[in-house]
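A.B. asks: Residue numbers (UniProt numbering): 1 to 201.
Cβ coordinates follow ideal geometry from the N, Cα and C atoms, glycine included.
Given the structure is predicted, the values throughout are model-derived calculations rather than measurements.
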Amino acid sequence: MKLSSAYYLNQDAVGVAKDLLGKVLFTKIDGEISAGIIVETEAYFGINDKASHAYGGRRTNRTETMYSQGGVAYVYLCYGMHHLFNVVTSVKDEPHAVLIRAIEPLVGKDLMEQRRKMPATKSAISSGPGSAARALGIDRKFNTKDLTGEEIWIEDHQIRYREDEIAACPRVGIAYAQEHALLPWRFFVRGNKYVSKPNKL
DNA sequence: TGGACGATGACCT
DNA sequence: GGTCATCGTCCAC
Numbered sequence: 001m002k003l004s005s006a007y008y009l010n011q012d013a014v015g016v017a018k019d020l021l022g023k024v025l026f027t028k029i030d031g032e033i034s035a036g037i038i039v040e041t042e043a044y045f046g047i048n049d050k051a052s053h054a055y056g057g058r059r060t061n062r063t064e065t066m067y068s069q070g071g072v073a074y075v076y077l078c079y080g081m082h083h084l085f086n087v088v089t090s091v092k093d094e095p096h097a098v099l100i101r102a103i104e105p106l107v108g109k110d111l112m113e114q115r116r117k118m119p120a121t122k123s124a125i126s127s128g129p130g131s132a133a134r135a136l137g138i139d140r141k142f143n144t145k146d147l148t149g150e151e152i153w154i155e156d157h158q159i160r161y162r163e164d165e166i167a168a169c170p171r172v173g174i175a176y177a178q179e180h181a182l183l184p185w186r187f188f189v190r191g192n193k194y195v196s197k198p199n200k201l
């Protein structure tokens, strides 16, 4: 049920990004559990990906997390106010990661409503990477945490989507990545209301 | 050591 | 469609 450490050693972050759709992301904070179905992801593919923080092999205090062996959380602050959560994949020193861009609330909806100060019926509660992380209570303290531990983990609930239910399109907010901005490394579940905009092809 | 800049979202018209 | 909040990170000085 809980994804094992072996799952995260996969060296194909694009494949993992697609495979994570339908998996369930859990957090347990102060004994309280919340979880959501992953419905939107983006792959950041190693040192040759211009959109990645690790492009060109850049190694800094922040990016060091991405160079860890797969199976840890990479969380960083974006625009001074949003915590973005990534799943680190692949082997040590290969900085691949998958950004979780949206979840569908599944467990602990009341907790999410408190954190987001809006009803769980409203799609904005967990739509977009900043909102999804906040709904689950993920902040910078989760950076480098083990994804097979007791605070944050991912489960396989046998939710499977057909090929035609999954869309692949260019990633969001990375215009600076030039030609790499067009790579279809964003995946989402078609028609799911929690998918962030733009949610059409 | 300072200043530009985000893998965004909320609220406005 | 437009504006702007807000701060850690990175690199040029």
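How would you label Ile33, buried or exposed, when you count the other beta carbons within 10 angstroms and need 16 or more for buried?
C.D. replies: It counts as exposed.
A.B. asks: Using DSSP with H/G/I as helix, E/B as strand and the rest coil, what is Ile47?
C.D. replies: DSSP places Ile47 in helix when its eight states are reduced to three.
A.B. asks: Asp164 to Asp146, Cα distance in whole Å?
C.D. replies: Taking the straight line from one Cα to the other gives about 33 angstroms.
A.B. asks: My parser needs the beta strand (DSSP E) runs of 3 or more residues fully inside the stretch 13 to 87; what are they?
C.D. replies: Segments of the beta strand (DSSP E) lying fully in the stretch 13 to 87: 24 to 29, 32 to 45, 73 to 78.
A.B. asks: Looking only at C-alpha atoms, which of Lys92, Arg140, Val88 sits nearest to Gly80?
C.D. replies: Out of Lys92, Arg140, Val88, Arg140 has the C-alpha closest to the C-alpha of Gly80.
A.B. asks: For a minimum of 4 consecutive residues, which ranges assigned as the alpha helix (DSSP H) are wholly contained in the stretch 120 to 145?
C.D. replies: Segments of the alpha helix (DSSP H) lying fully in the stretch 120 to 145: 129 to 135.
A.B. asks: Rounded to whole angstroms, what is the Cα-Cα separation between Glu104 and Ile29?
C.D. replies: Near 19 angstroms, if we compare the C-alpha coordinates of Ile29 and Glu104.
A.B. asks: Looking at His180: is its Cβ nearer than 7 angstroms to the Cβ of Val24?
C.D. replies: Against a cut-off of 7 angstroms, the Cβ pair of Val24 and His180 comes out as no contact.
A.B. asks: Would you kindly work out how many angstroms separate the C-alpha atoms of Val16 and Gln114, rounded to a whole number?
C.D. replies: Cα to Cα, Val16 sits roughly 31 angstroms from Gln114.
A.B. asks: Flag Val98 as yes when its Cβ comes closer than 6 angstroms to any non-hydrogen atom of the ligand SAM, and as no otherwise.
C.D. replies: With respect to small molecules bound, the structure shown includes none, and the ligand SAM cannot be examined in it.
A.B. asks: Would the stretch 116 to 123 count as touching the stretch 44 to 54 if we require 3 or more Cβ pairs under 8 angstroms?
C.D. replies: Touching, no.
A.B. asks: Given Gly108, which residues of its chain have a CB within under 8 angstroms of its CB, disregarding the five upstream and five downstream residues?
C.D. replies: If we look at Gly108 and ignore the five residues flanking it on each side, its Cβ neighbours are Glu32, Ile33, Ser34, Ala35.
A.B. asks: Leaving out five residues on either side along the sequence, give the residues of the same chain with a beta carbon under 8 angstroms from the beta carbon of Ala133.
C.D. replies: Result list for Ala133: Val75, His82, His83, Leu84, Phe85, Ile100, Asp139, in chain order.
A.B. asks: Keeping to the same chain, check which residues put their C-beta closer than 6 angstroms to that of Ala97; ignore five residues upstream and five downstream.
C.D. replies: Excluding residues within five positions, the ones whose Cβ falls inside 6 angstroms are Tyr44, Met66, Tyr74, Asn86, Val88.
A.B. asks: Which value, in whole angstroms, describes the spacing of the CA atoms of Arg160 and Gln178?
C.D. replies: Using only the alpha carbons, I get a separation of about 33 angstroms.
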